[in-house]
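Quick notes on the structure that follows.
There are 2 protein chains.
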Amino acid sequence: MKRNSRLSLALHTLGHMAGDPARVRTSADIAEHAGTNPVVVRRVLGKLREAGLLTSEKGHAGGLARGPEKITLADVYLALDESLVATGEQEVASACSVENILQIKVESVLEDIERSLVERLAATTIAEVRETGAVNHG
Amino acid sequence: MKRNSRLSLALHTLGHMAGDPARVRTSADIAEHAGTNPVVVRRVLGKLREAGLLTSEKGHAGGLARGPEKITLADVYLALDESLVATGEQEVASACSVENILQIKVESVLEDIERSLVERLAATTIAEVRETGAVNHG
DNA sequence: GATTGATGCAACAGAGAAAGTTACATTAGC
DNA sequence: GCTAATGTAACTTTCTCTGTTGCATCAATC
Chain A
4 MKRNSRLSLA LHTLGHMAGD PARVRTSADI AEHAGTNPVV VRRVLGKLRE AGLLTSEKGH
64 AGGLARGPEK ITLADVYLAL DESLVATGEQ EVASACSVEN ILQIKVESVL EDIERSLVER
124 LAATTIAEVR ETGAVNHG
Chain B
4 MKRNSRLSLA LHTLGHMAGD PARVRTSADI AEHAGTNPVV VRRVLGKLRE AGLLTSEKGH
64 AGGLARGPEK ITLADVYLAL DESLVATGEQ EVASACSVEN ILQIKVESVL EDIERSLVER
124 LAATTIAEVR ETGAVNHG
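As given, the protein sequences belong to chains A and B, one line each in that order. Take our numbering: the final residue in the first sequence is number 141, and no numbers are missing along the way. Take our numbering: the final residue in the second sequence is number 141, and no numbers are missing along the way.
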């Protein structure tokens, strides 16, 4: 697993759950399919559950809290506390006021981009991930 | 410096150059203002120069290859070889075909998002970064 | 109610990437 | 030629995230 593995893994996992809700999947099953560790899967699932997207129970595997067409990629993204564009830093590093203004403006622009990204993510649901036909293999 | 420092630092540097083209700025100057190392600045500048955005020369400091209103954030983003959303992995990890299709679809969706992000970045120029009035301080 | 199996969580080790640093050859300006 | 800045190549440090182990908790089954 490399960069952005959490988001990819989360979508992978949710796609599985959306495709076969009845089938009880353990974190070990998902981990094996995703080529990673059960604990890593549970960490991601923990974030999703914390955000109210999943209803996993301690004793056994849980499921989606709502239909896959009601869960957007933005929900997942925000649940994972991702911030791919904006840095989140607002600290003043320089004594030069011109420098500060420039720094603040750069941050401001990046935050705008971040918001646009979330809006774009909100336009796609888990259900669409499973149905998207843009498969360019071969 | 933390995450996304390259993009932030690049915009920071370009913003400086756009604001005062006549003033020769050394990488040491920029590094001091940005709170980082001259070599780190030169690494970022090297990428930008490689992409044709800058015309830095060995002996002394260079400048913007074109006007700041003609350089978009997408130019900078692509110059830095950033790929914030898409993972770039197309490898087949599982023997299960259903698994493969899901994996490919997830990647496909993430690449769509990545393209949307670049489009959004292309809508903003360096000149706008300096002029954006959305400064929400204090 | 005991057993089994999966979860949630914490702690630690390992890998990987990026920043930071040093060093040096190259080149423009004086 | 001298000075100063660049471009680049190592190397070290730092940090984040994955991978791993261990264990208490809780549900399902008998």
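Here a beta-carbon is modelled for each residue, glycine too, at the ideal position from N, C-alpha and C.
Please identify, using Cβ separations under 8 Å, the residues of the stretch 103-133 of chain B that lie next to chain A, in order along the chain.
104, 105, 106, 107, 108, 109, 110, 111, 112, 113, 115, 116, 119, 120, 123, 124, 127, 131, 132 and 133
Do you know offhand how far residue 16 (chain B)'s Cα is from residue 41 (chain B)'s?
12 Å
For the alpha helix (DSSP H) that residue 129 (chain B) lies in, which residues bound it at each end?
129-134
Near-chain B residues of the stretch 48-74 of chain A (beta-carbon distance less than 8 Å), N- to C-terminal order
none
Taking 9 Å as the CB-CB cut-off, is residue 83 (chain B) touching chain A?
no
Quick check on residue 18 (chain A): buried or exposed, where buried means 16 or more other Cβ atoms within 10 Å of its Cβ?
buried
Contacting residues, own chain, Cβ-Cβ under 7 Å from residue 140 (chain B) (five flanking each side not counted):
Confidence is the limiting factor: at residue 140 (chain B) the pLDDT is only 36, short of 50, which leaves the residue's position unreliable and the question unanswerable from this model.
Runs of 4 residues minimum, wholly inside the stretch 66-92 of chain B: which ones carry the alpha helix (DSSP H) assignment?
76-82
Can you check whether the C-beta of residue 7 (chain B) is within less than 9 Å of a C-beta belonging to chain A?
yes
Establish whether the CB of residue 11 (chain B) and some CB of chain A are separated by less than 9 Å.
yes
Report yes or no: do three or more beta-carbon pairs, one from the stretch 105-125 of chain A and one from the stretch 46-56 of chain A, lie closer than 8 Å?
no
Look up residue 57 (chain B) in the DSSP assignment and give the residues it is bridged to.
B:67
Give me the residue from B:130, B:124 and B:32 with the minimum Cα distance to residue 79 (chain B).
B:124
If you reduce the DSSP assignment to three classes, tell me which class residue 1 (chain B) lands in.
Only positions 4 to 141 of chain B appear in this structure, which leaves residue 1 (chain B) out of reach.
If you drop the 5 nearest sequence neighbours on each side, which residues of the same chain put their C-beta closer than 6 Å to that of residue 71 (chain B)?
21, 129 and 130
Own chain residues within Cβ distance below 6 Å of residue 44 (chain A), not counting five before or after
30, 33 and 34
Could you tell me the alpha carbon to alpha carbon distance between residue 122 (chain A) and residue 12 (chain A), rounded to whole angstroms?
21 Å
Comparing C-alpha positions only, which one of B:7, B:9 and B:76 sits nearest to residue 127 (chain B)?
B:76
In this structure, how does DSSP classify residue 38 (chain B) when only helix, strand and coil are distinguished?
coil
Straight-line Cα distance separating residue 86 (chain B) from residue 7 (chain B):
11 Å
With a threshold of 9 Å between beta-carbons, can residue 88 (chain B) be considered close to chain A, or not?
yes
Determine the closest residue to residue 36 (chain A) out of B:105, B:133, B:111 and B:110, with distance taken between C-alpha atoms.
B:105
How is residue 1 (chain B) classed by DSSP in three states: helix, strand or coil?
Since the displayed chain B opens at 4 and closes at 141, residue 1 (chain B) lies outside it and no answer follows.
Could you please give the first and the last residue of the uninterrupted alpha helix (DSSP H) stretch that includes residue 126 (chain B)?
First-last for residue 126 (chain B): undefined, no H or E at that position.
Inter-residue Cα distance where the pair is residue 73 (chain B) and residue 67 (chain B)
10 Å
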